[in-house]
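Q: 0 is the number of the first residue of the sequence shown in the working numbering; add one for each residue after it. Cβ atoms here follow ideal geometry from the backbone N, Cα and C, with glycine treated the same way. Note that this is a predicted model, so its numbers are computed, not measured.
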Amino acid sequence: MSECPFLNADHEEVKKRKGTNIVICGYPLSIFFIVVNEFCERFSYYGMRAVLVLYFKYFLRWDDDLATSIYHAFVALCYLTPILGAIVADSWLGKFKTIIYLSIVYALGQIVMAISAIHDITDNDRDGTPDNMTFHVALSMVGLVLIALGTGGIKPCVAAFGGDQFQDHQERQRSTFFSVFYLCINAGSLLSTIITPILRAQECGIHTQQKCYSLAFGVPAALMVVALVVFIAGSGMYHKAEPQGNILLDVCKCIGFAIKNRFRHRGKEFPKRTHWMDWADDKYEKLLIAQIKMVLKVLFLYIPLPMFWTLFDQKGSRWTFQATTMDGDFGLLVLQPDQMQTVNPILILTLVPIMDSVVYPLIRKCGLNFTPLKRMTVGMFLAAMAFVAAALVQIEIDKTLPVFPSGVQSQLKTINLGSDPMTLTLSQNTVQLAPGQASEYFTFDEDLVIISVGNTSISRNLTLAKGKRQSVILPLNITQEWQMTEDLTAKPEQGANAIRFVSGIYPLNISTGGLDFGITDGSLYSNYSLLTYGSTVFTIERGGEACEYSREFGFGSSYMLIIPSSFTFGPNCAASIGVVEDIKPNSVHMALQIPQYFLITAGEVVFSVTGLEFSYSQAPSNMKAVLQAGWLFTVAIGNFIVLIVAELAQIPEQWAEYVLFASLLVAVCLIFSIMAHFYTYMDPAEIEAQFRKKDDDHEVRAERKDSQRSQRSSLEMTESTGSDLKQNRM
């Protein structure tokens, strides 16, 4: 049994690092406070974000477009504010104080969000709806801005601050820390994504019971307060690197001067410099120039990285849409389409320790030099393969989807609500319909369709809508007006089932649970209503009579339930109800998405964890948070690329779009591998030490020269004084 003793650094080292530097099992005790802080903060952020769109739509009563726009604007701001946090940390407050102050802002933002979701504050008439929605909107916007400043501002600081706690001989422990750090991010994400939707579904309120968004925001707010308290509790143990002044401004001025100076000396008569930044040595210190060269060298490698995030972040959009066309019944567990995203953090919690403890050591034992940049290249390739897998799944899904009309076509089906069989002729198509039966959809290129009824002289000219599916309802009295419905031309969203009723008899009231289909008159149809997976019991009423009709629904289907004119109330009333399956339920199982989630998660583990470590190890001592912010900025750029490619490409087939993204990432992966091949790993501390040593040697030589000058001057003064005295004596 190996021991894990408490070790204390010597007094001089402790004094140098400004912390108690207690070590447990080879790790500084201070990092445990940082890890717990990160877990609580990520729980707070992802928990709040999990219910944010629903809060916009159902509490603030915004439409889908506005809710989506504000949501993505908030997420974008969260990835832009790390730049501000890095500037503040590296040039003014230092990472420790920046984390403290912005965490306070962060916690206040979460508290404000929780308060904004209390409907009783302005519900003066106690009807469950806020009377002053402007107050709630303003409060929530303030809260979101504070959260974005907080979470984005501390994002580049926490990981770098954790890395600062390790000494030079603890490279292995530092590498493990970054893996554990990333593990905590996903653990917090997983738990909050599961818990906060459950809290939101609860009902709470003083006067009226409503969905409890205040609790769903309040728990993340409490976790953020806990994160702040835990971080402050470890204050005495941290190594707190002092800020190096306004380094970003110095960097910008130095780069600007180098470019300007190079432009001024562009003639052939001027000697060339080894690096274009060397043109700044006329004004700036060589150490600063060397540090900027290191930063630019890493930032140059960052150029291809956004393409990885372009693919990775689509698991929350495109892949979720894909899941809406799949079957989520896992037997004991039924998953909704958006719940498939939990596969990612679950796999991360599994893969991170496996990669860190098994895969990487095994690769080292095999004698392979699996450098950080090679790992990142492999991660990008795995993400590309994930989209290839997604494309294969999409092809299988497309085989099960109905054929909808193109933009220049129309589709039409007929419904017989009469009491007798009917023969219809639709242009060149002939169909026979029993009472209460519907035909299949027929596709037409022309705008006008003539429908003839059997051997009768009854016929009608119907004008069809291009790109639409429609149904024509033939009433009990065929001479009466024929009505046309507009049917769905896409799968219902989020795996829901779209249900509508058509009745051939007198007015009926049809309902299920809290959902009312309204009064359905003879030959009239109801609007679509969305029902979830599982068994549903419909109640059909007329006066004091009632009939119950039960049906099992899957995912993503559309049904038209026909109540024929022969319908009568009684024990077997449900037997006469006809069922028309306009869109079949999803038959491709969601389990087929697991391989693509596995590949994208494996790519994330290899790419992102390694990228965090690489960014820290290659950064100069005074610019680590800046590079961390640059790393996070690639995520924002990646999300922007999704919009550009998706809008410009306009690919009608989803599988083809997946292949396009995979191809783009493979191309970028090849470019990155070439860039990585020519990259030379640096030891920033050693490079900085060399320049400082040169500066020290220069100062020593300068002091010697000053001393020699002083001695010569003193000697000359002595000789001059002696000569003067001699002359005076004479």
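So, with DSSP's three-state summary, where would you put THR484?
A: Of the three classes helix, strand and coil, the one that applies to THR484 here is strand, per DSSP.
Q: With a 10 Å radius around its C-beta and 16 neighbouring C-beta atoms as the bar for buried, classify PRO570 as buried or exposed.
A: By the Cβ-count criterion, PRO570 is exposed, with fewer than 16 other Cβ atoms from all chains shown falling within 10 Å of its own Cβ.
Q: GLY162: buried (16+ other C-beta within 10 angstroms of its C-beta) or exposed?
A: GLY162 counts as buried, since no fewer than 16 other beta carbons sit within 10 angstroms of its beta carbon.
Q: Do three or more CB pairs link the segment 409-429 to the segment 625-635 at distances below 8 angstroms?
A: no
Q: Under the assumption that ALA731 contacts LEU611 (Cβ atoms under 8 angstroms), give the Cβ distance between them as a whole number of angstroms.
A: For the chain, the structure presents residues 0 to 729; residue 731 sits outside this window and is missing.
Q: Should GLY494 go down as buried or exposed, given a rule of 16 or more other Cβ atoms within 10 Å for buried?
A: buried
Q: Considering Cα atoms alone, identify which of GLY512, SER470 and THR511 is closest to VAL501.
A: Looking only at GLY512, SER470 and THR511, the smallest Cα-Cα distance to VAL501 is reached by SER470.
Q: Under the rule that 16 or more other beta-carbon atoms within 10 Å means buried, what is ILE98, buried or exposed?
A: buried
Q: Taking 9 angstroms as the cut-off, decide whether the C-beta atoms of LEU664 and PHE320 are in contact.
A: no
Q: Mind listing, in chain order, the continuous alpha helix (DSSP H) runs of no fewer than 4 residues lying wholly within the segment 249-332?
A: 285-301, 305-311 and 317-322
Q: Less than 8 angstroms between the CB atoms is what I'm expecting for GLN164 and TYR283, so what's the real figure, rounded?
A: Not quite, the Cβ-Cβ distance comes to about 31 angstroms (not below 8 angstroms), so this is no contact.
Q: Which class does ILE640 belong to by DSSP, given the choice of helix, strand or coil?
A: If DSSP states are grouped into helix, strand and coil, ILE640 belongs with the helices.
Q: Identify, in the order they occur along the chain, each residue of the same chain with its Cβ nearer than 7 angstroms to the Cβ of MET622, setting aside the five sequence neighbours on each side.
A: Closer than 7 angstroms at the Cβ level, and outside the excluded window around MET622, lie ASP89, ILE246, GLN290 and VAL294.
Q: How far does the beta strand (DSSP E) with MET112 in it extend, from its first residue to its last?
A: Looking at the DSSP string, MET112 is not in any beta strand (DSSP E); the run it does join, the alpha helix (DSSP H), is 93-115.
Q: Given this structure, state the Cα-to-Cα distance separating ALA382 from ILE347, to the nearest angstrom.
A: 14 angstroms
Q: Using the C-alpha atoms, what's the distance from VAL229 back to PHE32?
A: 6 angstroms
Q: Return the CA-CA distance between ILE120 and VAL52, expressed in angstroms with no decimal places.
A: Between the alpha carbons of ILE120 and VAL52 lies a gap of roughly 21 angstroms.
Q: Below 8 angstroms, can you find three or more Cβ-Cβ pairs linking the segment 265-272 to the segment 578-598?
A: no
Q: Go to GLN431, then tell me how far its beta strand (DSSP E) extends in each direction, as first and last residue.
A: 428-432
Q: Can you tell me whether TYR780 is helix, strand or coil according to DSSP?
A: Lying outside 0 to 729, the shown extent of the chain, residue 780 is not represented and no answer is given.
Q: Taking only runs of the alpha helix (DSSP H) that begin and end inside the segment 527-614, which ones reach a length of at least 4 residues, in chain order?
A: 593-603
Q: Ignore the nearest five residues each way along the sequence and tell me which others in LEU83's own chain have a CB closer than 8 angstroms to its CB.
A: LEU148, GLY151 and GLY152
Q: Along the alpha helix (DSSP H) that carries GLN410, what are the first and last residues, could you check?
A: Premise fails: GLN410 lies in the beta strand (DSSP E), 409-415, not in any alpha helix (DSSP H).
Q: How about LEU107 and LEU76: are their beta carbons less than 9 angstroms apart?
A: no
Q: Tell me which same chain residues have a C-beta within less than 7 angstroms of the C-beta of PHE73, skipping the five on either side of it?
A: LEU143 and ALA147
Q: Compute the Euclidean distance between the alpha carbons of SER575 and PRO563, then round it to the nearest angstrom.
A: Cα atoms of SER575 and PRO563: separation of roughly 7 angstroms, rounded to the nearest angstrom.
Q: Return the residue from the list VAL218, ARG41, SER556 and TYR78 that minimises the CA-CA distance to ILE114.
A: VAL218
Q: How far does the beta strand (DSSP E) with ILE730 in it reach, from first residue to last?
A: A query on residue 730 cannot be resolved here, the shown segment of the chain reaching from 0 to 729 and no further.
Q: Tell me which residues share the same chain as TYR440 and place their Cβ nearer than 6 angstroms to its Cβ, disregarding the 5 neighbours each side in the sequence.
A: GLN410 and LYS412
Q: Confirm, please, whether the CB-CB distance from PRO303 to ILE640 is below 9 angstroms.
A: Taking 9 angstroms as the Cβ cut-off, ILE640 and PRO303 do not qualify as a contacting pair.
Q: Please name the residue or residues paired with ARG41 in a DSSP beta bridge.
A: None, per the DSSP bridge assignment.
Q: What span of residues does the alpha helix (DSSP H) with ILE184 cover, start to end?
A: Start and end: 170-200.
Q: Are HIS118 and GLN201 close, meaning C-beta to C-beta below 9 angstroms?
A: no
Q: Identify the residues that DSSP records as bridge partners of LYS210: which are they?
A: GLU202
Q: Would you identify the three-state DSSP class for SER458, choosing helix, strand or coil?
A: strand
Q: Looking at the unbroken alpha helix (DSSP H) that takes in PHE55, where does it start and where does it end?
A: Per DSSP, PHE55 belongs to no alpha helix (DSSP H) and is neither H nor E.
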